[in-house]
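Colleague: Chains as they are written, first to last, in my numbering: chain A, 126 to 241; chain B, 2 to 110.
Just so you know, even glycine gets a beta-carbon here, dropped at the ideal spot from N, CA and C.
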Amino acid sequence: DAGVIQSPRHEVTEMGQEVTLRCKPISGHDYLFWYRQTMMRGLELLIYFNNNVPIDDSGMPEDRFSAKMPNASFSTLKIQPSEPRDSAVYFCASSSSLQGLNTEAFFGQGTRLTVV
Amino acid sequence: RKEVEQDPGPFNVPEGATVAFNCTYSNSASQSFFWYRQDCRKEPKLLMSVYSSGNEDGRFTAQLNRASQYISLLIRDSKLSDSATYLCVVNTGFQKLVFGTGTRLLVSP
Chain A
126 DAGVIQSPRH
136 EVTEMGQEVT
146 LRCKPISGHD
156 YLFWYRQTMM
166 RGLELLIYFN
176 NNVPIDDSGM
186 PEDRFSAKMP
196 NASFSTLKIQ
206 PSEPRDSAVY
216 FCASSSSLQG
226 LNTEAFFGQG
236 TRLTVV
Chain B
2 RKEVEQDPGP
12 FNVPEGATVA
22 FNCTYSNSAS
32 QSFFWYRQDC
42 RKEPKLLMSV
52 YSSGNEDGRF
62 TAQLNRASQY
72 ISLLIRDSKL
82 SDSATYLCVV
92 NTGFQKLVFG
102 TGTRLLVSP
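1) Terminal residues of the continuous beta strand (DSSP E) containing B:A30?
2) What residue does the beta strand (DSSP E) around A:T163 start on, and which one ends it?
3) Suppose only complete runs of 3+ residues qualify. What are the beta strand (DSSP E) ranges in the region 142-204 of chain A, listed by chain order?
4) Would you say A:F232 reaches chain B, if we count a Cβ-Cβ gap shorter than 7 Å as a contact?
5) My output table needs one value for B:S84: the three-state DSSP class, helix, strand or coil.
6) According to DSSP, simplified to helix, strand and coil, what is B:D58?
7) To the nearest angstrom, report how far apart A:S198 and A:I130 are at their CA atoms.
8) If you draw a straight line from the alpha carbon of A:V137 to that of A:V178, how long is it in whole angstroms?
9) Of all Cβ atoms in chain B, is any one closer than 7 Å to the Cβ of A:D182?
10) Taking only beta-carbon positions, decide if B:L47 is within less than 7 Å of chain A.
11) So, is the C-beta of B:S33 closer than 7 Å to a C-beta in chain A?
12) Taking 8 Å as the cut-off, does the region 46-59 of chain B touch the region 199-217 of chain A (at least 3 CB pairs, one atom from each stretch)?
13) Specify the secondary structure class of B:P15 as computed by DSSP and reduced to three states.
14) Rounded to whole angstroms, how far is the Cβ of A:L146 from the Cβ of A:L202, which I believe are closer than 8 Å?
15) Taking all protein chains shown into account, do 16 or more other C-beta atoms lie within 10 angstroms of the C-beta of B:Y106, making it buried, or fewer, making it exposed?
16) Closer than 8 Å by beta-carbon distance: list the chain B residues that pair up with A:F216, in chain order.
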């Protein structure tokens, strides 16, 4: 398996533009997580899905952020409009409930977003 | 109060030293616990799960104290390759994985 695949790897955009980050989880995994990592705040859970349904989006910072999972093999995180404070590394991760409580989350390589 | 708290470090130790990291969590209903490792500009990867009875994997020992809501990681005989950030992770329920901010370890020759 290729692992969790994220695109793009790097994104530089101007303030006010829409940004869409993409994620393909590991095949067969039923959980998908979106995290944001900054030096100041570490890894913050933004939202996670189970079987394509959002379970907890309490970490989404504000209405400018939205996430979708239209099917088991694809998810997007959208920021509209983007702001400089959104600059961070965004990670997608997936896991399988078949492993029970000690399930391992596998991460993609992340998308490094810079908003100027 | 943060859900998972760690000392950010850095911990600077010489090769061969023993070093310990601690982590506390706020949700007493948390179900499972882990240590992840993250190298610079890379994604986090699972180092080991943490069990109530304590568990060991080579030079690494993890322990959980549910009464004190406290998790630890001990690294013996540190290697240069152990230099990384170590992330404490808690499953707070329904597979929700909450990460601490990480503890940075620097092992020097």
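Modeller: Put simply:
1) For the purposes of this step, residue 30 of chain B is taken as residue 29 along the second sequence, with counting starting at 1. No beta strand (DSSP E) holds B:A30; DSSP gives it neither H nor E.
2) The residue labelled residue 163 of chain A in the question sits at position 38 within the first sequence. Y156 to T163 is the extent of the beta strand (DSSP E) around A:T163.
3) 144-149, 156-163, 167-175, 178-181, 190-196 and 199-204
4) Within the first sequence, the letter at position 107 stands for residue 232 of chain A. By this cut-off, A:F232 is an interface position.
5) Translated into the one-based positions of the second sequence, residue 84 of chain B becomes position 83. Secondary structure at B:S84: coil, using DSSP grouped into helix, strand and coil.
6) Here residue 58 of chain B refers to the residue found at position 57 of the second sequence. In this structure, B:D58 counts as strand in the three-state DSSP scheme.
7) In the first sequence, residue 198 of chain A corresponds to position 73, counting from 1. In the first sequence, residue 130 of chain A corresponds to position 5, counting from 1. Rounded to whole angstroms, A:S198 to A:I130 spans 10 Å at the Cα level.
8) The count along the first sequence starts at 1 and reaches residue 137 of chain A at position 12. The count along the first sequence starts at 1 and reaches residue 178 of chain A at position 53. Roughly 30 Å between the two C-alpha positions.
9) For the purposes of this step, residue 182 of chain A is taken as residue 57 along the first sequence, with counting starting at 1. No, A:D182 does not count as interfacial toward chain B.
10) The count along the second sequence starts at 1 and reaches residue 47 of chain B at position 46. With 7 Å as the cut-off, B:L47 counts as an interface residue toward chain A.
11) Residue numbering aside, residue 33 of chain B sits at position 32 when the second sequence is read from its first letter. So, interface residue.
12) no
13) In the second sequence, residue 15 of chain B corresponds to position 14, counting from 1. B:P15: strand per DSSP, three-state reduction.
14) Position 21 of the first sequence, counted from the first residue, corresponds to residue 146 of chain A. Position 77 of the first sequence, counted from the first residue, corresponds to residue 202 of chain A. Indeed, because the Cβ distance is near 4 Å, the residues count as touching under 8 Å.
15) Residue mapping note: residue 106 of chain B aligns to position 105 of the second sequence, counting from 1. Going by the sequence as given, residue 106 of chain B is Leu instead of Tyr. By the 10 Å Cβ count, B:L106 comes out buried.
16) Here residue 216 of chain A is taken as the residue at index 91 of the first sequence, counted from 1. Chain B residues near A:F216: E44 and P45.
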